[in-house]
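In full-length UniProt numbering, the protein residues as written are 1 to 172.
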């Protein structure tokens, strides 16, 4: 009997020592690992291709649930552009905001090809997305589909986007 109790005690001891917290491979706002120069070059080249594909749609009108040159909504533009490079993203902006690494909210880590998200509705859920085309310490320029102007380039310096900016995600 003593042997069984001792054995149970050992089993409980070792199973209770098991770590239950997940392994953290990167901090919030930091890429998971350092990229080599060739990987950075490929990522930058891919970002440029995505931006070019998005820019080819400048002036296309806004269309709710649109994913073609007949009209795009914001997430439809992002979805279609990334899909053109065989990168699968969810269809709506809220779900797109769950993909990739959320970067530092100070905007100082943004790069071309990152996704930028906004809360422009009354219930304060993410409902707007764009693709970063230029990032400096002062502003981020992004391409998106606006309900009033269609596919355009905007800036976080604009008061409306300053007020509604939420996060930036790195998906590349």
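Ideal placement from N, C-alpha and C gives every residue a C-beta, glycine not left out.
Residue 147 has its alpha-carbon roughly 25 Å from the corresponding atom of residue 171. Residues of the same chain with their beta carbon placed closer than 6 Å to that of residue 41 are lacking, with the five preceding and five following residues left out of the count. When DSSP states are grouped into helix, strand and coil, residue 39 belongs to the helix group. Secondary structure at residue 51: helix, using DSSP grouped into helix, strand and coil. Under the three-state reduction of DSSP output, residue 67 falls in the strand class. With 16 or more neighbouring CB atoms inside 10 Å of its own CB, residue 73 falls in the buried class. Taking the Cα of residue 45 as reference, the smallest distance to any Cα among 117, 142, 111 and 160 is reached at 111.
DSSP lists no bridge partner for residue 110. Straight across, the Cα-Cα distance linking residue 85 with residue 156 is about 26 Å. For residue 169, there is no enclosing alpha helix (DSSP H); the residue is part of the beta strand (DSSP E) that begins and ends at 165 to 170. Cβ atoms of residue 165 and residue 118 come within 8 Å of each other, at about 6 Å. In the structure shown, residue 100 falls within a coil segment according to DSSP collapsed to helix, strand and coil. At a Cβ-Cβ threshold of 8 Å, residue 143 and residue 47 do not count as neighbours. Residue 77 carries a helical assignment under DSSP once its states are collapsed to helix, strand and coil. The continuous beta strand (DSSP E) containing residue 135 extends over residues 128 to 135.
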